[in-house]
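Below: the structure, in C-alpha cells.
Residue numbers (the working numbering), protein chains in the order written: chain A, 5 to 181; chain B, 5 to 181.
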C-alpha cells in the first residue's frame with residue numbers, strides 16, 4: 005500500500021455521512037480528530053481556532069433539535085464544533101483569514117475521520133446569525149469565539165456514498181481563454 | 005501500513021514548503037492535485053470553484069515578481085490558483101460560502117501534495133484587493149472569478165519542516181467554562 009494512493013483514496017472517499025451506527029465515539033478518537041484539525045496551516049501561523057468536542061447527550065440533543073441542518077446530532081453521540089478565536093485575529097485584516105484557516109482545519113478533521121473509519125458532515129453555522137446564536141447559547145461561548153460549523157461524528161452505517169465531482173471544465177491551464 | 009496511521013501521518017507532516025529542487029512537476033501530477041481539490045465538500049454541493057494550473061515560465065515569473073509573498077514562484081515550475089466562481093454563488097448568502105468551500109479544496113490539494121512527495125505553501129490572495137488585481141490581470145480572469153490563493157508546487161529540498169501545533173488548551177470539552 006503506497007502512501008500516495010492510500011491518502012488520495014481517502015481524500016476521494018470522504019463523503020457527507022448523515023447516518024450512523026450506535027457505536028460510541030471515544031474521547032481518544034475525538035482528540036485524534038482535533039489534533040488533525042490543529043495541524044492545518046493558518047495565515048501567519050496565528051492558529052485562530054478553538055475546537056469544542058461534544059460527547060454529552062444533553063448538549064447534542066439541544067443542538068440537534070435547534071439547528072435545522074444538524075438534526076443528525078440527535079442520532080450520534082459525538083460532535084466537533086470548529087470555532088474562530090477573534091482574540092487571535094486582532095485587526096480587520098486578520099479577521100478576514102479565520103474563515104479560511106478554520107475551513108482548512110475542518111477539512112483536516114473530515115479527512116482524518118474518513119481515514120479512521122468514521123463519518124462526519126460539515127453543517128454550516130457561520131455566517132447565519134441565528135445559527136451562531138443557537139450554538140453560542142448552547143455552548144456558553146464568549147463573544148470572541150465564533151462557531152464556523154458543527155460536525156456530527158459517528159461510525160457510518162454505509163448508506164452514504166462519495167460523489168465523483170471531477171469536472172475537467174473546472175481545470176484551466178495557465179490563463180483564462 | 006494502516007490507512008489511518010498513513011493518512012494521519014501525512015496530515016501532520018504537511019508543511020509550508022518554500023524551497024524546491026529543480027525537478028519538473030508534470031501535468032499529470034497537477035491534474036492529480038486538482039482532482040483532490042474538486043473532491044472537497046461544498047455548501048449544498050455547489051462546487052463554486054475553478055482551478056488554474058500554471059506551468060508556463062512566463063506566467064510563474066510574472067506572478068512571482070508581482071506578488072510579495074509568492075516570490076518562490078520564481079524558483080518553481082508549477083502552481084495552482086484556487087478561485088471562487090461567483091456564477092456558482094448566485095446570491096449574497098451563497099457568496100459567503102465560496103471562501104469556506106475553496107479553503108477546503110485548498111487543504112485537499114496541500115495534503116495530496118504532501119502524500120505524493122511534493123511541497124506547497126498557501127499564499128493568500130483574497131481578500132487583498134491589490135493581490136486579486138495582480139492575479140486577475142496576469143491570468144486574464146473574468147470578473148466573476150475571484151482568486152483565493154496561489155499555491156506554488158514543487159519537489160521539496162527538505163529545508164522546510166512541519167510545526168507541532170498541538171495545543172491542548174484549544175480543545176474544550178462540551179461547554180465553555
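Cβ coordinates follow ideal geometry from the N, Cα and C atoms, glycine included. For clarity, every value in this text was computed on a predicted model and none was experimentally measured.
Contact of residue 93(A) with chain B by beta-carbon distance below 8 Å is absent, the smallest such distance being about 13 Å.
Nearest in C-alpha terms to residue 18(A), of all of 144(A), 41(A), 113(A) and 92(A), is 113(A). For residue 153(B), the secondary structure class from DSSP, reduced to helix, strand or coil, is strand. For the region 71–83 of chain B, there are no residues whose beta carbon sits under 8 Å from a beta carbon of chain A. Sequence-distant partners of residue 25(A) (beyond 5 residues in either direction) whose C-beta falls short of 6 Å from its own C-beta, in its chain, are 159 and 161.
Residue 89(A) sits away from residue 48(A), with the two beta carbons spaced by 8 Å or more. Interface flag for residue 51(A) against chain B is set, since a Cβ pair is found closer than 8 Å. The beta carbons of residue 143(B) and residue 40(A) sit no closer together than 8 Å.
Residue 16(A) counts as buried, since at least 16 other C-beta atoms from the protein chains shown sit within 10 angstroms of its C-beta. With fewer than three CB-CB distances shorter than 8 Å, the region 55–67 of chain A does not count as touching the region 163–180 of chain A. Residue pairing for residue 89(B): DSSP places it in a beta bridge opposite 149(B). Pairwise C-beta distances place the region 143–152 of chain A in contact with the region 88–105 of chain A, as three or more of them are shorter than 8 Å. From the listed residues 94(B), 28(B), 179(B) and 34(B), the smallest Cα separation to residue 117(B) is found for 34(B). For residue 66(A), no Cβ of chain B is located within less than 8 Å of the residue's own Cβ.
Residue 21(A) sits in coil when the DSSP states are folded into three classes, being neither helix nor strand. Distance from the CA of residue 43(A) to the CA of residue 170(B), rounded to the nearest whole angstrom, comes to 7 Å. Comparing alpha-carbon positions, the option among 93(A), 70(A) and 50(A) lying closest to residue 129(A) turns out to be 70(A). With its beta carbon at least 8 Å from every one in chain A, residue 155(B) lies outside the interface. For residue 136(B), the secondary structure class from DSSP, reduced to helix, strand or coil, is helix. A straight-line Cα-Cα distance of about 15 Å links residue 178(A) and residue 32(B). Between the C-alpha atoms of residue 20(A) and residue 95(A) there is a straight-line separation of about 34 Å.
At a cut-off of 3 residues, the continuous stretches assigned as beta strand (DSSP E) that sit fully inside the region 6–85 of chain A are 53–58.
Per DSSP, the unbroken alpha helix (DSSP H) holding residue 115(B) starts and ends at 102–120. Within its own chain, the residues whose Cβ lies closer than 6 Å to the Cβ of residue 28(B), once the five positions on either side in sequence are excluded, are 81, listed in chain order. For residue 61(A), the closest of 111(A), 146(A) and 83(A) by C-alpha to C-alpha distance is 83(A). Close partners of residue 117(A) in chain B (Cβ separation under 8 Å) are lacking, with about 10 Å as the shortest Cβ gap.
Under the DSSP assignment, residue 97(A) falls in the alpha helix (DSSP H) whose first and last residues are 96–99. The alpha carbon of residue 175(B) has as its nearest neighbour, out of 46(A), 87(A) and 23(A), the alpha carbon of 87(A). Looking at the backbone, the Cα of residue 140(A) and that of residue 8(A) are separated by about 40 Å. In this structure, the beta-carbon distance from residue 107(A) to residue 156(A) does not fall below 8 Å.
Within 7 Å of the CB of residue 7(B), the CB atoms of chain A belong to 10, 14 and 119, in sequence order along the chain.
Chain B has a Cβ within less than 8 Å of the Cβ of residue 176(A).
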